[in-house]
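First to last, the sequence lines map onto chains A and B. The end of the first sequence is residue 956 by this note's numbering, with every number in the run present. The end of the second sequence is residue 337 by this note's numbering, with every number in the run present. Backbone N, C-alpha and C fix where the C-beta goes; we use that ideal spot for every residue, glycine too. All values derive from a computational prediction rather than experimental measurement. Accompanying notes for the structure given below.
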Amino acid sequence: MNKQEKTDGEIVKLILAGDVQMFAVLVARYEKLVFSFLLSKYQDVYEIEDVVQDTFLKAYRHLPSYDCERKFSTWLLTIARNLLFDNRKKNSRSVASTDLVTDVLLAEEPEDSTQPDEVAIRKERFQRLAIMIKSLDEDLRTPFILRVVNELSYQEIADMLSVPLQTVKNRIFKARTYLREKREQEE
Amino acid sequence: MKCPDVEQLMLFVDGELTASEAAAVKNHIATCKSCQHEVKEFQADLETEALLRNKVNNSFAKHQISNKIMNAVKSEPKHNKKASTSTVWTNWLVRLLVPAFAMAVVLFMLFSGTTTPENPTIYQGKVFKVSVFTNKAESFVDNNHVEANKAFNLEPMAIKKLDGEFLVNVVSNSKTYSLIVDGKTEIKFDEDSMDLVFDSCSANITLVNGNPVNAMVNGKKMNITKDKAVMLKPEEVKQVEEKSITVETKAKTKPVEEKQKVEEPVASASEEIPTENEICEEETLTTSATGDITILDISGEGDAEEGHSPFEDSQLGGL
Numbered sequence: 770m771n772k773q774e775k776t777d778g779e780i781v782k783l784i785l786a787g788d789v790q791m792f793a794v795l796v797a798r799y800e801k802l803v804f805s806f807l808l809s810k811y812q813d814v815y816e817i818e819d820v821v822q823d824t825f826l827k828a829y830r831h832l833p834s835y836d837c838e839r840k841f842s843t844w845l846l847t848i849a850r851n852l853l854f855d856n857r858k859k860n861s862r863s864v865a866s867t868d869l870v871t872d873v874l875l876a877e878e879p880e881d882s883t884q885p886d887e888v889a890i891r892k893e894r895f896q897r898l899a900i901m902i903k904s905l906d907e908d909l910r911t912p913f914i915l916r917v918v919n920e921l922s923y924q925e926i927a928d929m930l931s932v933p934l935q936t937v938k939n940r941i942f943k944a945r946t947y948l949r950e951k952r953e954q955e956e
Numbered sequence: 019m020k021c022p023d024v025e026q027l028m029l030f031v032d033g034e035l036t037a038s039e040a041a042a043v044k045n046h047i048a049t050c051k052s053c054q055h056e057v058k059e060f061q062a063d064l065e066t067e068a069l070l071r072n073k074v075n076n077s078f079a080k081h082q083i084s085n086k087i088m089n090a091v092k093s094e095p096k097h098n099k100k101a102s103t104s105t106v107w108t109n110w111l112v113r114l115l116v117p118a119f120a121m122a123v124v125l126f127m128l129f130s131g132t133t134t135p136e137n138p139t140i141y142q143g144k145v146f147k148v149s150v151f152t153n154k155a156e157s158f159v160d161n162n163h164v165e166a167n168k169a170f171n172l173e174p175m176a177i178k179k180l181d182g183e184f185l186v187n188v189v190s191n192s193k194t195y196s197l198i199v200d201g202k203t204e205i206k207f208d209e210d211s212m213d214l215v216f217d218s219c220s221a222n223i224t225l226v227n228g229n230p231v232n233a234m235v236n237g238k239k240m241n242i243t244k245d246k247a248v249m250l251k252p253e254e255v256k257q258v259e260e261k262s263i264t265v266e267t268k269a270k271t272k273p274v275e276e277k278q279k280v281e282e283p284v285a286s287a288s289e290e291i292p293t294e295n296e297i298c299e300e301e302t303l304t305t306s307a308t309g310d311i312t313i314l315d316i317s318g319e320g321d322a323e324e325g326h327s328p329f330e331d332s333q334l335g336g337l
């Protein structure tokens, strides 16, 4: 069985037995999840990097207390959420509570000098989309982003957020309906 | 066939229906222009969403820090190094020795529990978890009302504002103790110090489980003990009303007034396997007319279990 085929629980057991390198498998599996989860909650992408690192470091330190019966991703997001909450408490002035890192993402648009018009249109489209997503309620935005960015199934999102499957369906439906209405208002 | 509801059409586009459900919707769409239109709308949504996904993927590619994380992890102490070469018999040894060691620690703590407040036991080690349980219905955390018998874990160095009556359980690698905090205070802890820190504190703090401990109360180190009254002098209280802390132990006579009923713990950064050396004691809390607290010790099973954090959605933004 190679590294990729091992379950999270099996990997955790190996790490606890001293195989630190196996932690890299968990990082590979879930770094993007944590990153995108935090993306809608911070303004500064470098701050997100720090929280991503802190999340995994904290997970590593507290690995002995991880219950292998639970989903590792859920546990990890709970750690990220607790860190987020702590940071909000500590830096209430500097941390935006719900801002999508619009400027950072826009600034990182790959330059395409051959088609400047198309780049400008894409930027504008994304800017509009980012602003709309930013205006979503947080309880709608999180499952929506987990679905869209991480391409998780509805059931996986329900497990991760510890909410019923039907709640996830309703929230994603509401998010899409809201975004569509916003788009139509603009057109 | 009657038109499926719009949410069902969204699930169809998302590939979230079972094969038979999807087949039924597909058959219906073939003949229903209205539903065809809805499906096209959802497909257009997917195109827009792909834009966001691409953006985030680009951003993630630039800000992926897996190497940095692994470097940091490798500089951490390894977990249970010996186990990497463990065999069945070593596992059995561990299973036998760990409880024995835990029992030895418990016995040591019981027989060394006569420490005077002037010379309190200095506990060294790492704090694994500080869990806070609400005792009364009218309790608030960070100005949010919390139900009785709910629990949450403190994160290291994160300040929580408590207002009400709370049971605070501290679990470390060397000791477990419990305090009742009644009143208003800010509370925090450091993983590397056994001392809880109370600021802006006008609460009564009483030790209800474990040996005497120190706590930083309004900037002063206080010894909290069951054996002797501890008075917080008015001039020692900063920014808050003058109030005294009195802790007194009486005969172990009465049953527990308020037993903690709790649920499965919420996973958190400080989530912890229950230690085997937790001392189980419970006391009855009564408050005198003067506001001082009297503790009546009783024996018995006492450690409250952890509870699911009531703050999960309300304070943490619903994840």
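Length of the line joining the Cα atoms of residue i and residue j
i          : j         : result
Asp-823/A  : Ala-48/B  : 51 Å
Lys-827/A  : Glu-955/A : 44 Å
Leu-214/B  : Ile-848/A : 22 Å
Thr-36/B   : Leu-930/A : 23 Å
Asn-236/B  : Cys-219/B : 6 Å
Gln-857/A  : Ala-41/B  : Correcting the residue type first, residue 857/A is Arg in the shown sequence and not Gln. Cα-Cα distance, rounded: 47 Å.
Pro-95/B   : Val-31/B  : 48 Å
Phe-825/A  : Ala-786/A : 18 Å
Asp-836/A  : His-97/B  : 16 Å
Arg-894/A  : Glu-67/B  : 11 Å
Ala-307/B  : Val-231/B : Its pLDDT being 30, under 50, Ala-307/B is placed unreliably in this model, and the coordinates cannot settle the point.
Ile-817/A  : Val-189/B : 30 Å
Ala-899/A  : Ala-79/B  : 19 Å
Tyr-841/A  : Ile-890/A : The sequence given here places Phe at residue 841/A; Tyr does not occur at that position. Roughly 40 Å between the two C-alpha positions.
Asp-1041/A : Asp-160/B : Since the displayed chain A opens at 770 and closes at 956, residue 1041/A lies outside it and no answer follows.
Lys-20/B   : Arg-952/A : 29 Å
Ile-223/B  : Asn-162/B : 21 Å
Lys-859/A  : Arg-897/A : 31 Å
Pro-912/A  : Gln-935/A : 12 Å
Ala-793/A  : Lys-775/A : 13 Å
Asn-45/B   : Asp-908/A : 34 Å
Ala-90/B   : Leu-852/A : 17 Å
Gln-26/B   : Ile-902/A : 23 Å
Lys-892/A  : Lys-73/B  : 10 Å
Pro-933/A  : Gln-54/B  : 29 Å
Leu-225/B  : Thr-152/B : 16 Å
Glu-254/B  : Met-240/B : Low local confidence applies: a pLDDT of 46 at Glu-254/B is under 50, so the model's placement there is unreliable, and no value is given.
Beta-carbon separation (whole angstroms), residue i vs residue j, contact threshold 8 Å
i         : j         : result
Leu-185/B : Ile-198/B : 6 Å
Met-28/B  : Phe-60/B  : 5 Å
Glu-34/B  : Tyr-923/A : 5 Å
Lys-202/B : Leu-172/B : Not quite, the Cβ-Cβ distance comes to about 17 Å (not below 8 Å), so this is no contact.
Glu-204/B : Ile-177/B : 5 Å
Arg-945/A : Asp-210/B : The Cβ separation is near 47 Å, so there is no contact.
Residue i and residue j closer than 7 Å at C-beta
i         : j         : result
Val-789/A : Lys-86/B  : no
Val-937/A : Ala-927/A : yes
Leu-807/A : Val-820/A : yes
Asn-939/A : Ser-805/A : no
Val-150/B : Ser-157/B : no
Asp-200/B : Ala-221/B : yes
Val-24/B  : Glu-56/B  : yes
Near the ligand FAD: residue i beta-carbon under 6 Å from a heavy atom
i         : result
Lys-938/A : Absence of the ligand FAD from the depicted structure is noted, as is the absence of any ligand whatsoever, leaving it without description.
Selected residue, minimal CA-CA separation from residue i, among the options
i         : options                                    : result
Asp-208/B : Val-231/B, Lys-202/B, Val-148/B, Val-164/B : Val-148/B
Glu-183/B : Val-43/B, Asn-76/B, Ala-169/B              : Ala-169/B
Met-175/B : Asp-855/A, Ile-941/A, Lys-840/A            : Asp-855/A
Lys-238/B : Pro-230/B, Phe-216/B, Ala-221/B, Lys-178/B : Phe-216/B
Glu-800/A : Phe-158/B, Val-57/B, His-81/B, Ser-157/B   : His-81/B
Ser-958/A : Ile-83/B, Leu-70/B, Ser-211/B              : Any answer about residue 958/A is impossible in this case: the structure gives chain A only from 770 up to 956.
Tyr-947/A : Glu-925/A, Asp-886/A, Arg-910/A            : Arg-910/A
Leu-783/A : Arg-798/A, Leu-832/A, Tyr-811/A, Leu-921/A : Leu-832/A
Trp-844/A : Arg-949/A, Pro-933/A, Arg-945/A, Asp-777/A : Asp-777/A
Arg-798/A : Glu-56/B, Leu-64/B, Ser-84/B               : Ser-84/B
Val-814/A : Cys-53/B, Ser-52/B, Asn-76/B, Lys-58/B     : Asn-76/B
Leu-802/A : Leu-915/A, Phe-942/A, Ala-793/A            : Leu-915/A
Arg-850/A : Lys-943/A, Pro-933/A, Tyr-811/A            : Tyr-811/A
Ser-834/A : Val-781/A, Leu-905/A, Val-932/A            : Val-781/A
Glu-39/B  : Ser-52/B, Pro-22/B, Cys-50/B               : Pro-22/B
First through last residue of the alpha helix (DSSP H) which encompasses residue i
i         : result
Asn-76/B  : 51 to 81
Lys-92/B  : 84 to 92
Phe-913/A : 907 to 917
Lys-938/A : 934 to 955
Ala-828/A : 814 to 830
N-terminal and C-terminal residue of the beta strand (DSSP E) that residue i is part of
i         : result
Lys-801/A : Premise fails: Lys-801/A lies in the alpha helix (DSSP H), 792 to 808, not in any beta strand (DSSP E).
Met-234/B : 231 to 235
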